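The numbering of the sequence shown is the numbering used here, which starts it at 85 and goes up by one. Just so you know, even glycine gets a beta-carbon here, dropped at the ideal spot from N, CA and C. Because the structure is a prediction, the values reported are computed rather than measured. Read through the structure below, which is laid out as structure tokens, and then see the notes.
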Amino acid sequence: MSLIVGDGDYRYEQLDHWPKVPPGWALGEVGAVGVDKDDNVLVFNRGEHPMMIFDRKGNFLRAWGEGLFPRAHGLHMAPDGTVFLTDDGDHSVRQCTLDGKVLLTLGTPGKPAPFMSGEPFHRCTHTALSPTGDIYVSDGYGNARVHKYAPDGRYLMSWGESGTKPGQFNLVHNITCDPDGWVYVADRENHRIQVFDGNGKYETQFNNLHRPCALFQPYCSCPICYVGELGPATRTNRNYPNLGPRLSIIDNKGNLLARIGGLLPGTAPGDYMGPHGLAVDSRGDIYIAEVSHTQWRQYFPDQPMPADLRVIRKLRKLR
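This is the structure we're talking about:
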């Protein structure tokens, strides 16, 4: 019997064993996921084949990226059909075709900027495009900045610093834009999403989130934001209920529309371990990438890691 999750207008059938990975291959854990115009699903993972592509039924289509991406982290599908891939282990962003041809590289691969220097990049995390094609990069684990580039890759500006005030960040982990050009930034360890105009001017923030990690907004007039919340981080609160990991769906004012996930991290059918990347296809189906191996070591350090931890699932929208 299938598992039905969500409520109201946001009810889904959960499909855990959706991707048909080729025999002998493994996804490792999945940093990010994206959907192209044909609803094929790009799975950016930390296995031997960093980019695996499946159709919407889970049939394997092709793979690429071997030897190019040491640590898959962020994926953003551009309206022109190319994909921006952010690698926090390589300190770079690459714009690629769907066959893996590199068109543009931001940052110097393998050479991080000095820690907390504000210069691009030190373990950058994700990429987003404005409606006019400007490129925003969240940066990330060794910086507290958002960098803005012109569509041709020319550096324009940066904003942000370490801290808790508006416009400051404590691990800027993900970024997205809406059709009006507002920039939404997952300020993960400050437990909030901050909203800026296209030049970094602070507008507002959304609270009542616990370590927002993944963001996704569709290219449409629908003002909905899908948020993956990573859940508790420390030994003192990792057994506290109702903090995630989970998926939340909010509107562009920060109002909660639906919340999906268990009360605690785990491997039960309705539980999550580490929602890290999100994508939604043309039919409203949600694909959720998880860094379950990393999170297992945090949540259950004294227990052996299962060989079959879920690293990606599909939620099929019910009509």
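Inter-residue Cα distance where the pair is residue i and residue j
i: G244; j: G224; result: 11 Å
i: M161; j: V119; result: 7 Å
i: Y239; j: K232; result: 6 Å
i: S86; j: Y96; result: 10 Å
i: T192; j: R155; result: 15 Å
i: C195; j: G165; result: Inspection of the sequence shows that residue 195 is occupied by Lys rather than by Cys. Computed Cα separation, rounded: 28 Å.
i: L152; j: G92; result: 43 Å
i: W148; j: P107; result: 16 Å
i: P307; j: A197; result: 35 Å
i: A212; j: I219; result: 6 Å
i: S222; j: P316; result: 22 Å
i: L145; j: M135; result: 11 Å
i: G115; j: V177; result: 14 Å
i: V269; j: P390; result: 33 Å
i: L111; j: G131; result: 5 Å
i: D171; j: V117; result: 13 Å
i: Y286; j: C309; result: 18 Å
i: I88; j: K141; result: 18 Å
i: V105; j: T378; result: 21 Å
i: R207; j: F168; result: 15 Å
i: S246; j: V256; result: 9 Å
i: Q382; j: M357; result: 10 Å
i: Q179; j: Y371; result: 21 Å
i: K121; j: H133; result: 22 Å
i: R403; j: I277; result: 30 Å
i: L341; j: V311; result: 11 Å
i: R295; j: D139; result: 31 Å
Whole-number beta carbon distance between residue j and residue i, since they are thought to touch under 8 Å
i: G361; j: L159; result: 6 Å
i: P157; j: T189; result: The residue you asked about is not Pro; residue 157 is His in the sequence shown. Contact flag wrong, Cβ pair sits at about 15 Å.
i: P103; j: I396; result: 6 Å
i: N227; j: G202; result: 6 Å
i: I137; j: N124; result: 6 Å
i: D449; j: N254; result: In the structure as shown, the chain starts at 85 and stops at 403, and residue 449 therefore has no counterpart that could be examined.
Residue burial classification, residue i (beta-carbon count within 10 angstroms, cutoff 16)
i: L399; result: buried
i: A352; result: exposed
i: F199; result: exposed
i: L293; result: buried
i: R367; result: exposed
i: S376; result: buried
i: P163; result: exposed
i: N321; result: exposed
i: N339; result: exposed
i: P359; result: buried
i: M241; result: exposed
i: G217; result: exposed
i: D369; result: buried
i: E113; result: buried
i: R229; result: buried
i: G90; result: buried
Pick from the options that is closest to residue i, judged by C-alpha positions
i: L393; options: A373, R403, L402; result: A373
i: D174; options: H133, W380, P204, S376; result: P204
i: K401; options: N254, D355, N336, V364; result: V364
i: T318; options: W266, W380, D271, N283; result: W380
i: N274; options: D281, G284, K249; result: K249
i: Y303; options: G338, R330, W266; result: W266
i: R343; options: Y371, M357, E313; result: E313
i: Q289; options: R403, A110, K337, G131; result: K337
i: D236; options: L187, G247, L99; result: L187
i: P215; options: R295, R276, D281; result: D281
i: A234; options: N283, V279, L99, D355; result: N283
i: D264; options: D271, V279, F253, N254; result: V279
i: E150; options: T378, Y371, W109; result: W109
i: Y94; options: L331, Y356, Q382, M357; result: L331
i: L99; options: G354, H133, R295; result: G354
i: H101; options: H133, N143, K121; result: N143
Would the stretch 315–327 count as touching the stretch 339–351 if we require 3 or more Cβ pairs under 8 Å? Look at the beta carbons and you see the stretch 315–327 touching the stretch 339–351: at least three pairs across the two are nearer than 8 Å.
Contact between the stretch 256–267 and the stretch 286–301 is defined here as three or more beta-carbon pairs at a separation below 8 Å; is this criterion met? Touching, yes, given that three or more Cβ pairs across the two stretches are closer than 8 Å.
Any contact of the stretch 374–389 with the stretch 174–192, i.e. 3+ C-beta pairs under 8 Å? Short answer: they don't touch.
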